[in-house]
Structures are given as C-alpha cells and as structure tokens.
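Engineer:
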Amino acid sequence: MPFNTLTVGAAVTPAVIETYFSHYFNRKPLRRKPTAHISYHEGLALIRKFLEYASHHTVDEVQQFTSQKVPTPAWVKLQEVVIPEEKISEAANVLQAQLGPHGIEEIGGQSWWQWRQEPCLLKAEWIEMRTDYLERKKAGDQGKRVMLYVHGGAYFFGSVDEHRYQMQRHARKLKARVFAPRYRLAPQFPFPCGLHDCLAAYLYLLTIQDPSTIVLAGDSAGGGMVVSVLVTIRDRGLPMPAGAILISPWVDLTHSFPSVAGDSQLDYIPAHGFLQRPSASWPPPNAVDMERITKGQKISSSRRRSMRASFSRPHHSTKGPQLDPKRAEDSAVQGFTIQRGLSETNGKTDATEPCEAQRTDAVSPGNTIPSPTRNLSITLDGKLVEIIDQIQLYTTNHLLSHPLVSPVLQPSLGGLPPLLVLTGGGELLRDEQVYLAHKAANPTKYPPCEAHLDRDPGSRETISRYSATHVQLQVWDDLCHVPPTLSFTAPAKHMYRSIAQFGAWVLARAQSTEIEIPDDDDVSVISSDTDTGADTPLRPEEKMGVPKEDIPTDQVGRAGDPLPRFKNHMIRQRVDRHGKIYPLAPVSAISALQMHPDEIGVIKPGPVRKWLAAKQLWDKKYARQKRAVQTQMAREIAEGYVSFEGNEMPPPSALAGRRSKTAVPKEKKRSKSWGITMWSGWGSSHDEKTLEREARFGQEEGFKVPPEPPTGVPTNEPLDKNATTTSTAEPELNASTAQQHRNTLQALQTENSPTRSRSRRRRTVTDAGQANPLDSDIDENTPAEALIQRRKANGDTDGTYPGGQRPPQISLPDGGIFGGSDAVAAAAMDPNSANLPYSDPEIKFNPSLRRAYSGGIAFPFKLKPHKEQHDSGLVANLQPGSRLSPSRSEEDVENASTTTLSGVSGVIEVDQEQDSESEPARKSGEKMEVAS
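So the sequence shown is numbered by the working numbering: it starts at 83 and just counts up by one.
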C-alpha cells in the first residue's frame, strides 16, 4: 500500500475518532493530566498512530512523505540559501580534528561522509515574520537575534518543511530570524554526515553574524546534534554562541537510563524503538547476510575481506557448538543468535571485556558495552543473546557509545554557553535529559565509565578542564516527547513562552544590552474553555497539609520577565500543564542521578527485550521482502560498486558505499503534501489568530502595520553578499488556504499605512546578573525580602549586584532609604539633592508592564495591582531624593498610591481618572503587591 496523504488519513482517522469519544466517556482518569486537554489528547493519539503506521513502510517512503513541500503562510518570510563550499570543507577539517586519527578509523575513513548526492548542495532556510523582515530591511539591519534550529526525527526522517510551523513560532515569540539547515539523514547518510552539515551551517553564520547574536536550538535528535556541535566548537576553540535550547534532546543511543524501559503510555515514541519494512536502505545486511549474498560469486579474497569489514564488525566467535544451517538462516532473518546459557559458563564473563572485569556490580554478563571488535551481547532469561543486526539507524552498533553520537558520554559538558533543557515528564528519554543537564552544571560529578574514557587518551584531562555550564532544567509534568510538536495545545504554548524568555536572556547577556521582544500576552490566548478536566486552584484552607513540592512557587515567564537566579549553576524547575512552576525533586530522589558511571552507556535487558520481541514480529512478517532486497543487493555487488581511494570503509547503510557504476544516485524531486500542509495549518492557527488580534488591537490604538507583498511573489534577494539563494519559488497555496491567508493579510494591513511595529507593545529583557555567583544557600525560591536583609547585613559590599553596582535608591515616606545609611536618607529627603552615591538618575514604573526600570535594567519582580490598570498607559517616575510632585501637599502625598516591595514601601503618585467607583480607592491609595 502506498504511503501518502490518503492512506495516512485512513490509518489515523479511526484512532482520532476513538480518542474523541474515550476522552469524554473516561474523563476522570485524565484529570490533572495533559490529556485533560482534548487538543493534546487528540494530537498525542494522532502522532502515535502515524508512527505505528509508518513503521510498516520503508525508510525511503517515510523520508519522502515527511520531506514534501509545505506552503508558507503569507505572514512568514522564507528565504532559501546554499552554504558555500568553502564552509563545508572547513567544517570537514574541524570535524576531522575533533575525531582524531582513532576516531576517523572508527567511522571508516575521512572521505565517504563528505560525499553528497547530485546536485551536491547543502541548503538552508531563513524563516522570519514578514513584518519583522520589512522592518529590519528598512533599517538596513542584519539582525541581532538568530536561532540556528536543527530539526528532529530520530535522525532518519523529518524536514525543515515539516518543522517550519514550529520554527516560525520561535521567530515570532523572540522576534528573531531562524536559520534551519537541510542536513543529510540516516541511514543513507549515517554519522557523522548530519553533524558535518550542522557544523558547516554554524560556520557559515559566523561569516555574517556575531556569535553573540546566535542561539542554537534543536529538538529530539536535533537537540543531541546541537550538543555535539557545541562540544566540537568548544574543543576546537571556535567562537561560542550566546546559548542553546535543547527540547527533549536524544543524547543516549545506548538506551541505558531507566525511563527507556517504560511502556510509553504518556508518550508517542514506540516503546520498542523504530522498526521499518525492509528496503535497500534499511536494515543493512549483517555478517551472516553477507555470507549468503556473496556465496557462489566470483569475488577476490581482498574484496571479500573489505566487504565484510564494511558491512559488519568482526564476528566474535564463542565457545560452544556451531549453528546448523537452519538455525543460521533463522539468525540471519531475526538478526540475533542465542548461543549459550549462564549454566554453561558458571555465570562468568570474559575478563577481556571492557569494564566488566573492573565492575563489582555488573548489570549483566555479556558484551554490553559497544565495541569495535565484538558484537553486542546480553543475558536474557539465563541465555546469552548476541546481536548481529544494527540497532539504530543513525550509526553502527560499535559507535553507539561514541561521545559525538551519545553526548551524555562526553568526558565533560562544562565550558558551554548557558543551556535550557526542556523535558517531558512522561517521555521515554526523560532520564538521560535530566542527567545531561546535571552533568553540564557539575562536570566532575558525572564522569563516564573507564571503558569510555579509554577511547580517547586525553579525555581524562578534559573532565576537569572546563568550568561548569549554567543550565536551566524544566521537567514538564507528564508531557510527551517534544511537546512543541503539538503547538496548538495549551501546554506547548507555555513551553514556547519559556523558550522565548530564555532565548531573550542569553542574547541580552551575550550582547550586554537590552533586548526588546513582542508582548502579546493580551492577544495570545493560552487556555481554552473547550478543554476538560481543568484543575481548580487550591483554596488557602486546602493548602494546609499539602507537601511543599505540590505548591507552585511561580509561573512560566512571559515576554520580558527575568529569569530567577542560578544556584550551583542550575535553575531546577518542575512545571505543570498550566505553566505553574514547582520545586524539582532533590538530586538524591532522582534515580537517574544515582547511577554508577559503569551503568551508563551500556545496553540493558529492558529495552533490548522490547526491541527483540518487536523485531521478531517484523522479521517474520517481512522475511520475504528482506530476501528480495538481498537478492537485488547480490546483483549489485556482482556488478560492482564505486569505491573510494585509500582504506575507506563506509558503514553498511551508507549510500556512499553502495554507489552503482551504472547509475549515479540523485536527490529525488520533492512534491506537495496536503497531509503535512493540514498538520502545519493546525500548528500555525494560533500564530495566525494572534496576528489578527494584534492588528485589531493596533488599529484600535492607532497602530498600523506595513503593507505586505502579494501572496506567491516571494522576495528572495540575499541578505548578504556571500549568500547564494536558489531560484525556486515558494509553493503555491490551494484556494481555501490562499483565501485564509488573504483574510489574515487584510486584517494585518491598511492602504497607505506607515511602517510600524507589528506588536502594539514591547518588553525589554536585560541580564540582571542571574548567572553571577551567589551564596550556596540562595536559590530561585529565595524571597526578595531575605535577599534585602542579607545585603543589609553584608553592608552592600558583596559585589553581587548587576554590573558590580549597588541598586538605585528610592525615597520612602518614613525618611528611610533602600539600602542606605541615615546620612544618605537625609540627603534623599532633600529635594535639592540630585546626585546621590550609587544611584541612577531615574527609576521608572509602567503600570501596563507591571515592572520598575532603572538605567534600562528591569527590577526582578512584577507589581500586580488589585484593580487592573494595564490600559492606563501611565508612567510613574521616582526621582532619587525627591518626590514625584513636590508642589503637592503632604496630605496628597499621604493619599498617593503605595507600592509594597517585599515589605519596603515607596511613594508612587499616579494621576487617575476620578469617578464614583474609583473614589474609595483614590482616597485610601491603590495598594500594589509583588506578583509571584
């Protein structure tokens, strides 16, 4: 059956309908779960069913379906560029230096992974909001906010087109340009092909952007790739980006952490891993397959040895009886052999096996650590199972524990720019992501196993070479893998907010300046009344007896909100589906952080058992197809492949090693996909509605946005002289989609309107010194009042203030001064005293933004009025040493509004419209409190 929109729709529709009815008939079990949202429940079921259906098709079919063209919304500016060849060559040199001679030998050479299909181009896309593009183009600005985004897809499927609806959301929230490379996918282009392409994309960006303007981001496999790029940049001494955002990164391909052994009830990733219908691309032949394929063919002994070395690692012979032909045939089909039981070896393991001889608490006998000289083996139910088939599509079994393949096994993750690690509490890969975050923040506490350190002689010195990395870790309760995939759901929208908040902070920190980002809180709807099972907030009397970890301490930050401070280089947070932040469990209570180094980077019985059980079913069902593929491969081998010079030995699945002498492999032409288009449309619906609300609100307040070029006429001029653009036009829209976008444009533009910002409000983000060192007993939950008392006790000499200066001083009605002495207080009450020590000339407070500013730096708190004043648009200026209106009487001052800042009061006088309803508030003063 073909793999297209019609067949996929027919496969997933029953699951969608079933989920819809079960959601409403079984609402009680869903309470306090993300699936309480019908949109999240439906989206999770749809992706799960899609992946199940895709597993019964070949890798090539899945790749072709997920890489089809997707029309771009009219309000998104798209530009395709080609990475220059010199940057690709430079990236190859950098990667070879990182791998070293031993690493190059392990991957099979230094040339095969640089080969590309015709037309041999590495392309990438610039994605940006069109209004932001026009505004930047008018100002002649190259932009100071760039996100290099590496899409996920288990390294073997997915594309920039499929992920564009997510990238354009990041571009809108951060007011940034997103740069997305179209890197080569496995298994045709296994490790290190994709890493080579992503590294080339970053080197290209360095030619047109300052590194302080670049943020790296990636999801799933893309997140793991980003970590490997960062480590390579660090070790080679290249300029570091401002920061990196890792969304559910896949960083351990050995599946050695406990969460992978789960049943994935809250996730859409198959519990048994990814299995596909056999094709020429996957699965590659193992050693037994190659013996069968080449049997009877006239092949030289040297050629036969080369093929064996290329298609399979040397087969480790073990003691015991040889397999008879029937068992050998079964082993070839199923991809593993059952050779002996523990009773035959008295439970002993080979002393030559790495690490096992040194361990006192070995997880299981067998060769559980990937090795270039022996096949993987593990004991299951008292029998030693030797795995001869390749497990992961990204690389061969002996490279699964390579530190650039599984970054969690890097000697050190220190010395990197600030990281944001977002993980779903219900996903299979949760534990490795939590471990990665803590390893980066405390590199020396989580070293790799001795066997992995032996891989590189200099790795032991690397452990203590780099300082700790600042990491914000957010574990989102019960969410699935890469929640932003379900961008139309409320939990995903909260996560996009968190990503924008962190991205703005690292850019402001790296550039030592203010960063303005759109404030769309008034026009962006997070929750929906159609969601069922909503949690009701706890009343004060209900909070009695509730554990501290179940009481929220904060809310996911909105645009412009400051990050909390780092404690021990970390911000550790647990977040629920409503965006409420709770304390994360202590390190001692997280099982993944208690694992011995010898237990990490080795295969485990749980994941292997699930994989073998599913593989038996697949191999039995598709045995005939596998043999047909092998027959075709035998013909190709007889005709001969194009070989590389030297001792190049590409992995068995690499297309570079399977190039026919008669036909040159070329990239397949991409077609349109209405199925992916519909999915992207659902993902973009929130952005489109937000833009319409912005335009509506802007017209009401007198703001207008720039006119747009007509749909279907893209402007693909390069933004720099070194860029090379392609001549392909943006995909045409169908009638209904085009009409929908025309309606959006009609709301967004007005005839002869001046060019203005697309958002009616902006928020300023600055670095408030969150990463500066503080006392170890101060964390993100420390109250502001406690910080004030500590500073007073220390005489304000601890040097922990942003920029090395004390905070500005605010005059108080009782004659006291914030952080000052009596002499300074007396000077502060003198209206003629304008130059106070350690003070800024002015402190501003904008009720619509709920934040006080001084010298362009926002104070780390919000002011929440009892009565909404967001639309008043009034600004109160607090002059050091003087009151706002000295001409007014003392009685007026006493009746002025009072702001309470963690128990310290300051006078703020705000003129308000007088009416009968506001009269009591005006007389008694408007009291504002610090918002948590």
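Cβ atoms here follow ideal geometry from the backbone N, Cα and C, with glycine treated the same way.
1. In whole angstroms, what separates the C-alpha of residue 484 from that of residue 491?
2. Looking at C-alpha atoms only, which residue of 455, 96, 740, 855 is the closest neighbour of residue 130?
3. Taking the C-alpha atoms as reference points, what is the distance between residue 837 and residue 219?
4. Using the rule of at least 16 other Cβ atoms within 10 Å of the residue's Cβ for burial, across every protein chain shown, is residue 786 buried or exposed?
5. In terms of DSSP beta bridges, what is residue 319 paired with?
6. For residue 597 versus residue 636, is the C-beta spacing smaller than 9 Å?
7. The beta strand (DSSP E) spanning residue 734 covers which residue range?
8. Give the C-beta separation of residue 554 and residue 672 to the nearest angstrom, bearing in mind that I take them to be a contact with Cβ-Cβ under 8 Å.
9. Can the beta-carbon of residue 847 be found less than 9 Å from the beta-carbon of residue 689?
10. Does the structure place the region 244 to 257 close enough to the region 209 to 216 that three or more beta carbon pairs sit under 8 Å?
11. Give the C-beta separation of residue 341 and residue 512 to the nearest angstrom, bearing in mind that I take them to be a contact with Cβ-Cβ under 8 Å.
12. Going by beta carbon distance, what residues of the same chain come within less than 7 Å of residue 355, once the five residues before and after it are set aside?
13. Three or more beta-carbon pairs under 8 Å between the region 512 to 527 and the region 451 to 468, yes or no?
14. Round the Cβ separation of residue 684 and residue 450 to the nearest angstrom and send it over; I've been treating them as touching at under 8 Å.
15. At which residues does the beta strand (DSSP E) containing residue 263 begin and terminate?
16. Just the Cα atoms here: how many angstroms apart are residue 366 and residue 137?
17. From this set, 194, 229, 493, 714, which residue's C-alpha is nearest residue 276's C-alpha?
18. Using a threshold of 9 Å, state whether the C-beta atoms of residue 151 and residue 243 are closer than that.
19. Skipping 5 residues on each side, what residues in its chain have a beta carbon closer than 7 Å to that of residue 122?
20. Alpha carbon to alpha carbon, how far is residue 309 from residue 563? Give it in angstroms, no decimals.
21. For residue 600, which three-state DSSP category applies?
22. Cα-Cα, which of 375, 290, 319 is closest to residue 228?
23. Going straight from the alpha carbon of residue 1016 to that of residue 233, what length do you get?
24. Using 8 Å for Cβ pairs, my map puts residue 453 next to residue 735. What's the rounded Cβ distance?
25. Sort out for me which residues DSSP pairs residue 846 with in a bridge.
26. Sorted by chain position, which residues of the same chain lie with C-beta nearer than 6 Å to residue 502's C-beta, five sequence neighbours on each side aside?
27. Give the range of the beta strand (DSSP E) segment to which residue 665 is assigned.
28. In terms of residue numbering, what span does the alpha helix (DSSP H) encompassing residue 248 cover?
29. With distances taken Cα to Cα, identify the nearest neighbour of residue 522 among 191, 650, 601.
30. Does the beta-carbon of residue 743 have 16 or more other beta-carbons within 10 angstroms, so that it is buried, or is it exposed?
31. What does the Cβ neighbour count give for residue 457, buried or exposed, with the cut at 16 atoms within 10 Å?
32. Report the residue from 321, 850, 545, 715 whose alpha carbon sits nearest the alpha carbon of residue 373.
33. Using the three-state DSSP reduction, which class does residue 691 fall into: helix, strand or coil?
34. Looking at the secondary structure, which residues open and close the beta strand (DSSP E) in which residue 460 lies?
35. On a Cα-Cα basis, can you pick out the residue from 296, 317, 329 that is closest to residue 302?
36. Inspect the beta-carbon positions of residue 474 and residue 505 and report whether they are closer than 9 Å.
Structural biologist: If we stick to the structure as given:
1. 7 Å
2. 96
3. With a pLDDT of 40 at residue 837, under the threshold of 50, the predicted position of this residue should be treated as unreliable, though the coordinate-derived value follows. So the alpha carbons of these two residues sit roughly 11 Å apart.
4. Low confidence applies to residue 786: its pLDDT is 46, below 50, so where it sits in the model is not reliable enough to give any reading.
5. In DSSP, residue 319 forms no bridge with anything.
6. No, they are not a contact pair.
7. Careful: residue 734 lies outside any beta strand (DSSP E) and carries neither H nor E.
8. That pair is no contact at about 17 Å.
9. no
10. Output reads yes: the region 244 to 257 touches the region 209 to 216.
11. 5 Å
12. 693
13. Taking 8 Å as the limit for Cβ pairs, the verdict is that the region 451 to 468 does not touch the region 512 to 527.
14. 4 Å
15. 259 to 263
16. When the Cα atoms are used, residue 366 and residue 137 turn out to be separated by approximately 16 Å.
17. 194
18. Cβ atoms of residue 151 and residue 243: closer than 9 Å.
19. 116, 568, 571, 573
20. 18 Å
21. strand
22. 290
23. Within the shown structure, residues of the chain are numbered from 83 to 1014, placing residue 1016 beyond reach of any answer.
24. Rounded, the Cβ-Cβ distance is 19 Å, inconsistent with contact.
25. Per DSSP, 598.
26. Once the five neighbours on either side are set aside, the close Cβ partners of residue 502 are 327, 554, 584.
27. 662 to 665
28. Looking at the DSSP string, the run of the alpha helix (DSSP H) that includes residue 248 is 242 to 256.
29. Selected option, being the one with the closest Cα: 650.
30. exposed
31. buried
32. 715
33. Residue 691 falls in the helix class under three-state DSSP.
34. 458 to 462
35. 329
36. The Cβ atoms of residue 474 and residue 505 do not sit closer than 9 Å to each other.
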